[in-house]
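Under the numbering used here, think of the first position of the sequence shown as 224, with each following residue one higher.
Glycine included, C-beta positions come from ideal geometry on N, C-alpha and C.
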Amino acid sequence: MSFSWDCAATDGRARAGTLHTAHGDVETPVFMPVGTAGTVKAMTADAVRATGARMILGNTYHLMLRPGADRVAALGGLHRMIDWPGPILTDSGGFQVMSLAGLRKLDEGGVTFRSHVDGSAHRLTPESSIAIQEKLDATVSMALDECTKFPATGEQASDSMALSMRWAARSRAAFLPRPGYGLFGIVQGSTLRDLRLASVDALTAIGFEGYAIGGLAVGEGQETMFGVLDYTVPALPADRPRYLMGVGTPDDLIGAVARGIDMFDCVIPTRAGRTARAYTSRGVFNLRNARFADDPRPLDAACPCPLCTRHARAYLHHLFRCEEMLGPMLLTWHNVQYYQDFMHGLREAIVRGNLEAHAAAVRARWGEGDDPP
Ligand SMILES: [Zn+2]
């Protein structure tokens with residue numbers, strides 16, 4: 224079977240579709256929980272599946288350092304090792320080299336860096352990144368790119384984008400085609416329209432199974448990010464999936480889905496789950512707040528997760544106060560469940576053709592929380 228995406232319905236620029244892969248189908252728009260080092264933190268694979276999640280993300284940088292790509296391959300690949308037979312997308316490692324590694328040095332060939340774990344020296348090139356992702360058995364591999372820093376001058380953004388496009392061509396050449404597997408290119412160009420459109424041209428000339436938009440949600444603000452999507456997304460091929468990397472809050476997701484994005488990943492629901500921040504249909508709550516100490520209500524009456532169906536808010540408050548590990552486990556499950564149900568709701572609304580009204584109703588219910596999502 225070939226790797227493909229087909230469209231079931233559109234509503235404005237928003238799209239509902241299905242991604243077909245070697246590891247099964249995925250309905251889009253889709254939110255992929257982040258399984259950084261071979262685990263969606265604090266969740267078993269069964270728990271992740273129970274939320275309705277069908278595709279997850281793994282981080283090449285973390286996995287290449289520990290346990291190492293060869294060890295993952297010897298254990299049968301990432302799917303087998305972590306008990307996730309469904310599709311897995313891996314990033315190229317480049318973003319985390321630039322954000323986590325020490326003593327990094329970027330040149331035309333690639334990037335040399337020291338591990339943040341033990342200081343050991345490593346080098347990542349477009350070719351080695353693709354080889355590592357192949358050993359991990361990633362369903363979707365990502366081309367190595369440089370996530371352009373923000374803010375950047377026009378010259379810095381242009382040079383960085385051009386380097387990423389040369390690396391995209393090398394990534395494509397290094398990728399071993401396999402039925403149902405895909406390689407995505409990544410659009411760069413900071414917040415400059417001409418650069419973003421030149422990047423789309425360069426990538427579509429090379430040809431990829433899907434197209435990601437990188438270099439956003441790096442401090443430019445939501446309005447600017449949506450502005451970039453407004454001119455970038457329509458330039459992408461209509462018959463390929465579109466992936467907005469590292470985004471975002473539920474409010475970000477509504478705006479990006481409305482602009483034609485199909486795939487997302489973000490650490491927000493899992494990270495927030497470990498810090499007592501609950502994403503709910505009523506808004507974002509901080510469960511450490513003393514007002515929850517005697518609150519007998521479920522966290523979110525609309526949620527089918529084990530936390531909401533079996534426990535009171537007061538119990539979760541207690542678990543976090545005592546730093547019991549069940550607190551992060553239950554709240555991570557809930558947050559991932561919320562994101563999955565939220566995305567499913569957006570998809571249904573696109574199919575019905577009333578995304579705008581649905582989004583307005585969802586936003587109106589967020590008002591009770593400590594913070595808007
Ligand atoms: Zn819940």
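- Presumed contact (8 Å Cβ cut-off) between residue 256 and residue 492, rounded CB distance: 7 Å
- Task: With a threshold of 7 Å, establish whether the CB of residue 420 neighbours any heavy atom of ligand 1.
- Result: no
- Query: From this set, 341, 391, 414 and 393, which residue's C-alpha is nearest residue 379's C-alpha?
  - Reply: Nearest option by C-alpha distance: 414.
- Message: Shorter than 7 Å, the distance from the beta carbon of residue 523 to the closest heavy atom of ligand 1, or not?
- Response: yes
- Item | Nonlocal neighbours in the same chain, by C-beta distance under 7 Å from residue 324, ignoring five residues either side | 336, 337, 338 and 339
- Message: So, with DSSP's three-state summary, where would you put residue 509?
- Response: strand
- Message: Could you compute how far the alpha carbon of residue 274 sits from the alpha carbon of residue 560?
- Response: 5 Å
- Less than 8 Å between the CB atoms is what I'm expecting for residue 507 and residue 592, so what's the real figure, rounded? 5 Å
- Message: What does the alpha-carbon distance come out to for the pair residue 396 and residue 434?
- Response: 16 Å
- Message: Under DSSP, the beta strand (DSSP E) around residue 562 begins and ends at which residues?
- Response: Careful: residue 562 lies outside any beta strand (DSSP E), inside the alpha helix (DSSP H) at 549-575.
- If you drop the 5 nearest sequence neighbours on each side, which residues of the same chain put their C-beta closer than 6 Å to that of residue 231? 239 and 240
- Assign residue 579 to one of three DSSP states: helix, strand, or coil. In the three-state reduction of the DSSP assignment, residue 579 falls in the helix class.
- Beta-carbon contacts of residue 342 that lie in its chain and below 8 Å, excluding the five residues immediately before and after: 325
- Query: Taking the C-alpha atoms as reference points, what is the distance between residue 387 and residue 421?
  - Reply: Residue 387 and residue 421: Cα-Cα distance of roughly 12 Å.
- Message: Please report the distance separating the alpha-carbon of residue 529 from that of residue 269.
- Response: Distance from the CA atom of residue 529 to the CA atom of residue 269, rounded to whole angstroms, is 13 Å.
- Query: Residue range of the beta strand (DSSP E) that residue 404 falls in?
  - Reply: Taken as a continuous stretch (DSSP letters only), residue 404 belongs to no beta strand (DSSP E), as it is neither H nor E.
- Message: Mapping the DSSP letters down to three states, classify residue 594 as helix, strand or coil.
- Response: strand
- Measure the CB-CB distance between residue 465 and residue 484 and report whether it falls below 8 Å. yes
- Item | residue 546 to residue 511 span [Cα, whole Å] | Distance between the alpha carbons of residue 546 and residue 511: 11 Å.
- Taking contact to mean at least 3 C-beta pairs separated by less than 8 Å, is the segment 442-452 in contact with the segment 342-355? no
- Query: Is any heavy atom of ligand 1 found at a distance shorter than 7 Å from the C-beta of residue 597?
  - Reply: Since the displayed the chain opens at 224 and closes at 596, residue 597 lies outside it and no answer follows.
- Query: Is residue 440 buried or exposed, if buried means 16 or more other CB atoms sit within 10 Å of its CB?
  - Reply: buried
- Query: Would you say the segment 462-482 touches the segment 523-540, given that touching needs at least three Cβ pairs under 8 Å?
  - Reply: Touching, no, given that fewer than three Cβ pairs across the two stretches are closer than 8 Å.
- Query: If you draw a straight line from the C-alpha of residue 296 to the C-alpha of residue 313, how long is it?
  - Reply: 14 Å
- What are the start and end residues of the beta strand (DSSP E) that includes residue 248? 247-251
- Straight-line Cα distance separating residue 284 from residue 197: In the structure as shown, the chain begins at 224 and stops at 596. Residue 197 is therefore absent and cannot be evaluated.
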